[in-house]
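Trainee: Residue 192 in UniProt numbering sits at position 192 of the sequence shown, and the numbers go up by one each step.
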Amino acid sequence: MDVICSAEFLKEKVLPETKIALVVGSGLSGIVKKMEETKTISYSEIPGFLQSTAPTHKGEMVIGKLFGKSIICMNGRFHYYEGYDIQEITEYIKVLKLLGIETIILTNASGSMKKNEIKPGDLVVIEDHINLSGLNPLRGKNDETFGPRFVDMSNAYSKDLIQKVLEQSGDVVKKGNYVFTTGPSFETAAEIRAFRMLGGDIVGMSTVPEVIMSAYCGLQTLAISCVSNYATGIDGSNVSDEELERVTGLAQDKFSEVIEELFMKL
């Protein structure tokens with residue numbers, strides 16, 4: 001991705017006061033309908049941008065206002081399992097930084113590894129992650145324009161934003177550690193047992209590479225996961241993409257309320 005070219009194309013379309021970006025993942029794109037004064041740009045129209053091929057990811061950038069805040073909404077993301085390099089799927093974070101974004105809110109769908117504590121339909125604010133993939137988007141020659149060679153991950157998930165969410169929505173939002181797997185196959189029961197022993201609460205196929213890139217770029221980052229199912233071996237049921245979409249769809253209103261309350265504090 002040519003991040004400079006992409007940013008130049010988008011610069012005149014973004015309001016100068018826009019400091020927040022929202023990335024909506026599987027099943028949570030309903031919040032886009034609540035945006036006002038929107039401009040919608042297909043990823044295919046943006047020079048050098050990747051194309052989103054995952055089911056339900058529309059592959060469009062929506063620029064406008066949400067709950068009174070000027071934002072850039074990425075309606076659809078890129079995944080490693082789509083065949084892109086790990087660096088490629090996170091380059092859009094650099095584009096957002098070049099456009100003046102300071103805060104990014106990432107969302108995803110995940111599987112719960114804690115049957116009695118985290119259930120399908122729950123929203124979980126991610127406190128930390130476990131990355132066993134061996135992949136890191138910062139591998140290779142460093143560009144000091146965006147960030148340092150070695151990146152501190154101690155506040156990769158903004159403690160301030162997490163506190164704001166839990167203070168206002170603690171009755172409907174849980175917290176936990178997210179385990180990143182590359183997909184597209186779901187995890188085995190043995191893998192889930194291992195992840196639980198390591199301290200994982202939920203598991204999914206996105207977000208962690210983007211969080212690493214966001215930390216590198218100095219962005220304040222919040223990640224919220226909608227639990228769509230129990231991970232393999234937790235309750236004996238099979239995992240399907242169809243069930244994922246059904247459950248995340250039911251959490252749309254709750255997610256919108258959490259974002260609206262958060263925006264009141266930003």
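Where is the CB? At the ideal position from N, CA and C, for every residue including glycine. Computed from a predicted structure; not experimentally measured.
Using the rule of at least 16 other Cβ atoms within 10 Å of the residue's Cβ for burial, across every protein chain shown, is residue 120 buried or exposed?
Mentor: In the sequence shown, residue 120 corresponds to position 120, counting from 1. By the 10 Å Cβ count, residue 120 comes out buried.
Trainee: Short of 6 Å in beta carbon distance, which residues of its chain neighbour residue 96, apart from the five on each side in sequence? Order them along the chain.
Mentor: Numbered from its first residue, the sequence shown carries residue 96 at position 96. Excluding sequence neighbours, residue 96 sits near 21.
Trainee: From residue 225 to residue 157, what does the alpha carbon distance come to, in whole angstroms?
Mentor: If you number the sequence shown from 1, residue 225 lands on position 225. If you number the sequence shown from 1, residue 157 lands on position 157. C-alpha separation (whole angstroms): 13 Å.
Trainee: Along the chain, where does the alpha helix (DSSP H) containing residue 141 start, and where does it finish?
Mentor: Numbered from 1 along the sequence shown, position 141 holds the residue referred to as residue 141. That residue, residue 141, is in no alpha helix (DSSP H); it is neither H nor E in DSSP.
Trainee: Which class does residue 176 belong to by DSSP, given the choice of helix, strand or coil?
Mentor: Here the question's residue 176 lines up with position 176 in the sequence shown. Strand at residue 176.
Trainee: Suppose you measure from the CA of residue 262 to the CA of residue 155; what does that come to, to the nearest Å?
Mentor: Counting from one through the sequence shown, the residue named residue 262 turns up at place 262. Counting from one through the sequence shown, the residue named residue 155 turns up at place 155. Each residue's Cα considered, the two are about 19 Å apart.
Trainee: With distances taken from CA atoms, which of 206, 230 and 7 is nearest residue 137?
Mentor: For the purposes of this step, residue 137 is taken as residue 137 along the sequence shown, with counting starting at 1. With distances taken between Cα atoms, residue 137 lies closest to 206.
Trainee: Give every residue of the same chain whose Cβ lies closer than 7 Å to the Cβ of residue 113, excluding the five residues on either side of it in the sequence, and list them in chain order.
Mentor: Looking up residue 113 in the sequence shown gives position 113. So the qualifying residues of the chain are 192, 195, 196, 200, 201, 202, 203, 231 and 234.
Trainee: How far does the beta strand (DSSP E) with residue 69 in it reach, from first residue to last?
Mentor: Mapped onto the sequence shown, residue 69 falls at position 69. From DSSP, the beta strand (DSSP E) with residue 69 extends over 69-75.
Trainee: Report the partner residues of residue 40 according to the DSSP bridge assignment.
Mentor: Residue 40 sits at position 40 when you count from the first residue of the sequence shown. Bridge partners of residue 40: 62.
Trainee: Quick check on the burial criterion: 16 or more other C-beta atoms within 10 angstroms. Buried or exposed for residue 64?
Mentor: In the sequence shown, the residue the question calls residue 64 occupies position 64. Answer is buried; the Cβ neighbour count reaches 16.
Trainee: Touch check for the stretch 74-89 and the stretch 44-63: three-plus C-beta pairs under 8 Å?
Mentor: Result yes; three or more Cβ-Cβ pairs closer than 8 Å.
Trainee: In chain order, what are the residue ranges of uninterrupted beta strand (DSSP E) at least 3 long that sit wholly in the stretch 100-150?
Mentor: For the stretch 100-150, whole beta strand (DSSP E) runs of length 3 or above, ordered along the chain, are 103-112 and 123-131.
Trainee: Can you tell me which of the three DSSP states residue 223 falls into?
Mentor: Taking the sequence shown and counting its residues from 1, the one referred to as residue 223 is at position 223. Of the three classes helix, strand and coil, the one that applies to residue 223 here is strand, per DSSP.
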